[in-house]
Amino acid sequence: MRLVLLGLLFAGCTTASVPTPTKAVCPTPDPMTLTWDSFGQGFMTEFCNDCHSSTLSHSERNGAPLFHDYDTLMTVLYIPEHIDQWAGAGPAATNTIMPPARCPSTPGGPLDRNCPQPTQQQREDLSVWLACEVKRPHMF
Amino acid sequence: MTPGRRIGAAVLVGWFAPLTPGVARADHDMATMSENHQDRSELSVGLSVEAARFDSTYYVGSYQGVTPSLDWMRGRFGASAAIGLYHLTENGLSNYGAGDAMLGGHVAVVEEDALHAGVALHVMFPTGSELDNLGMGHTMAMPSAWATWRASPVTVAVSAGYGRALVDLGGGGHDHGPMPLVDPMNLQELTWSAAADVDLGRGMQVGGRARGGVPIGTGRTRAIGGGRLAWGSPRISTGLEIQVGLAGDPFTIRGVVDTALRF
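As you go down the protein sequences, you meet chains H and P in turn. No gaps in the numbering here: position 5 of the first sequence is 4 in numbering that gives the first Met the number 0, and each next residue is one more. No gaps in the numbering here: position 99 of the second sequence is 98 in numbering that gives the first Met the number 0, and each next residue is one more.
What follows is the structure in structure tokens.
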């Protein structure tokens, strides 16, 4: 019985956020109001590219996985679901795992400042943009 | 139990303990337990210190860990508990934290002079942060079967088991490679291990080990090999081990020093 209680205690200790699909959908027809040029590139530059950039070596990424680079539309579209589940918001979830609490002042630098955080509207726009962008034709 | 046999059992414990606070440890616990023919309880405390480097598809870095453990045995039965505490450096980010905690129980089914065999059930609890790559993020249940055979001066131990995360396996989550970085496992897998040790006399043993996991469904096959030198007395034993990742990127190389004190 004591072991069971101890087990429940251990299980209850984990309360970290879980990456969750937001189930955001792209309006039909696609209004083309959220695009890489009008939204995506700016969002990634402000909130992500200090660590998620193809120009950074592994030791400069402050923990960001290799091949998770968001400095081009092509590399964003490698893993749009992943971005949605870690930073997006929609009908099913609001994911605030990313950006983290601390960020570098310069790309690849030490974590010496608080990370800017997207607004709820920006997170919702991110998920809708991704939902639209994956359906659009691309010539990569 | 003679000192030599007891040390042999401790050596087996030392091999599996630092690898995975789960199935692998069970094999060692079994080996130790199988040597405990007395009706009185035996308690042991252990500590392993490890340092590893890894270079997988998505992460490059290293970690250092300290794993305290507690084992109890009485007759055919035994139980164990352990939790690793880590410093993890992954792609330039430094983190400190606990890994997943393990609780286990085991029983010997066969107890002959040379052959001992039994079953075990270990459970890992998600005390480690999945997002920090220190834990699975799920409770894992790992039943296993084990056997040891001894023909002095050689001791051979094998085990086979099954590990499963106690969650819906159909989620199809994003693949970040072997997870967690400090002790990767698949959400559902078959596990195996094999070890052989030779007594050198004067309480010293040398041996080789291999262990791994084969995913059921999605995942990746994992294999680890290593060599071990151990020494000690019936009361206290210490081992030094060098391990290499053979498949599945669990790590490139890892060094482990472990010691156990029995009461």
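Idealized CB from N, CA, C, for every residue including glycine.
Residue environment, residue i, which counts as buried when at least 16 other CB atoms sit within 10 Å
i, result
"P64/H", "buried"
"Y62/P", "buried"
"Q119/H", "exposed"
"G39/H", "buried"
"L129/H", "buried"
"Y57/P", "buried"
"A119/P", "buried"
"E89/P", "buried"
"L180/P", "buried"
"F333/P", "Because chain P spans 0 through 262 in this model, residue 333/P falls outside it and cannot be assessed."
"Q84/H", "buried"
"M31/H", "exposed"
"E240/P", "buried"
"A229/P", "buried"
"M73/H", "exposed"
Where residue i meets chain H, residues with beta-carbon distance less than 8 Å
i, result
"T56/P", "L65 and F66"
"V59/P", "H57, S58 and L65"
Amino acids of chain H, ordered along the chain, whose beta-carbon sits closer than 7 Å to that of residue i
i, result
"L92/P", "N61 and G62"
C-beta contact flag for residue i and residue j at 7 Å
i, j, result
"S158/P", "W145/P", "yes"
"G247/P", "R60/H", "no"
"L186/P", "A164/P", "yes"
"K22/H", "G108/H", "no"
"S53/H", "D70/H", "yes"
"G127/P", "G98/P", "yes"
One or two residues paired with residue i in a DSSP bridge
i, result
"E188/P", "G162/P and P214/P"
"P69/P", "Here residue 69/P is Leu; the residue named in the question, Pro, does not match the sequence. Per DSSP, V44/P and A80/P."
"S128/P", "The partner list for S128/P (beta bridge, DSSP) is empty, contrary to what the question assumes."
"I96/H", "DSSP output for I96/H lists no bridge partner at all."
"H51/H", "None, per the DSSP bridge assignment."
"L94/P", "Just to set this straight, residue 94/P is Asn in the shown sequence, not Leu. Per DSSP, L87/P."
"A86/H", "Paired residue(s): none; A86/H is not in a bridge."
Neighbouring residues, chain H, relative to residue i (Cβ below 9 Å)
i, result
"E41/P", "Chain H residues near E41/P: none, gap ~19 Å exceeds 9 Å."
Residue-level contact to chain H via CB, residue i, 7 Å cutoff
i, result
"E111/P", "no"
"E89/P", "yes"
"D257/P", "no"
"P20/P", "Residue placement at P20/P is poorly supported in this model, since its pLDDT is 37, which falls under 50; the coordinates still yield a value, given next. No, no contact with chain H."
Proximity test, Cβ basis, 7 Å: residue i and chain P
i, result
"A10/H", "Residue confidence for A10/H is low, a pLDDT of 41 falling below 50, so the modelled location carries little weight; the figure read from the coordinates is stated next. It does; some Cβ of chain P falls within 7 Å."
"P20/H", "no"
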